[in-house]
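As structure tokens, the structure follows; a few thoughts come after it.
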Amino acid sequence: KAGARDYVTKPIDLEELSILIRRIKGYRGLAKENEILRQQLKARAATSDVIKFKSEKMAELVDLCGRIAPSQASALIQGETGTGKELFSRLIHNTSARAQRPFVAVNCAAIPETLIESELFGHEKGAFTGASQRRIGRFEQADGGTIFLDEIGELSPPVQVKLLRFLQEREFQRIGGERTLRADVRIVSATNQDLDARVKEGRFREDLFYRVNVVSMRIPPLRERREDIPVLIDHFIERFVRENHKKITGISREAKEILVQHNYPGNVRELENIIERAVVITRDSTITLQDLPFQGDLSAG
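Counting from 1 along the sequence shown, just add 110 to a position and that's the residue number in the working numbering.
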């Protein structure tokens, strides 16, 4: 009942015991092979669900995610806004042994500086004005899983110090608390800034930079991988047709060519917005130039 595979009775027959051990080793080998196959299938499913690509650059990044996922190493994902940094962080999580545990995303730039420490590490009741009850921070919520710190370069110096201590000791305290807490969390960070420059300017701690930057990835902007655009167009059309219950069979050749030429300052997020708009407003079964916001004028890009 406790999970024993088999048992032997006394007096022990050594030949019977040998056969039993070989049988159990075979079970363990099959279990390990099944786990490897499950992880491979999970990796393929995670990739096909969230990241559509054809370019060699993206293939290399997806391969890198697969190689670092089994480790505990912190990863830093760099790239312009809208390139899909969170998608890659989810891919790392979903193909790791932590996949069944929480994935917690925090946009450090969207939280006021006065609240970010409480958001990450929590606080005790009465720790400050307005703290009417205990708050469990994001690190506690992510215990056993992965925390994604988007725009990590926006963290204030005091929070950087506390984050560095957590990375070194895996320990922290809630604001106003005296008890030291532990959390088993893998940290994946992202930024659209040049953290090297911020370190030189004294705005980001050098020791923290090396801690979060064990493995570094740079996601290229969409204009540097135009061969991915047609794949993304088809993916977004299929998705938004399904979500909006439209009867659209595809996109005209002229409209697709214009979309491939556009420079996308907003990257994948901008293309996604363009396709959603086109699916919603078109009255035809095919998306045409008239359904695009620029209709052939590429000056915006």
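Yeah, the Cβ is synthetic: ideal placement off N, Cα and C, and Gly gets one too.
The structure presented is a predicted model; accordingly, all values stated were derived computationally and were not measured.
Query, Result
"Bridge partner(s) assigned by DSSP for aspartate 260", "Asn217 and Ala300"
"Touching by the beta-carbon criterion (3+ pairs, under 8 Å), the stretch 222 to 232 and the stretch 185 to 202", "no"
"Status (buried if at least 16 other CB within 10 Å, exposed otherwise) for aspartate 338", "buried"
"Simplified DSSP assignment, three categories, for leucine 224", "Per the sequence shown, the amino acid found at residue 224 is threonine instead of leucine. If DSSP states are grouped into helix, strand and coil, threonine 224 belongs with the helices."
"CB contact flag (valine 322, isoleucine 257, <8 Å)", "no"
"7 Å Cβ shell around threonine 398 - same chain, five flanking residues per side excluded", "Ser362 and Ala365"
"Distance CB(arginine 308)-CB(glycine 189) smaller than 8 Å", "no"
"Member of Phe231, Ser326 and Asn217 whose CA lies at the smallest distance from the CA of arginine 275", "Phe231"
"When Ile391, Ser242 and Phe404 are compared against glutamate 77, the one with the closest alpha-carbon", "The displayed coordinates of the chain run from 111 to 411. Any statement about residue 77 would go beyond what the structure contains."
"Beta bridge counterpart(s) of leucine 291 as assigned by DSSP", "Phe282"
"Threonine 396 burial status per 10 Å Cβ neighbour count (16 or more: buried)", "exposed"
"Assigned exposure category for serine 206 - 16 Cβ within 10 Å defines buried", "buried"
"Where the beta strand (DSSP E) containing alanine 185 begins and where it ends", "185 to 188"
"Cβ neighbour criterion (16 or more within 10 Å) applied to asparagine 204", "buried"
"Cβ-Cβ distance between lysine 235 and arginine 248 below 8 Å", "no"
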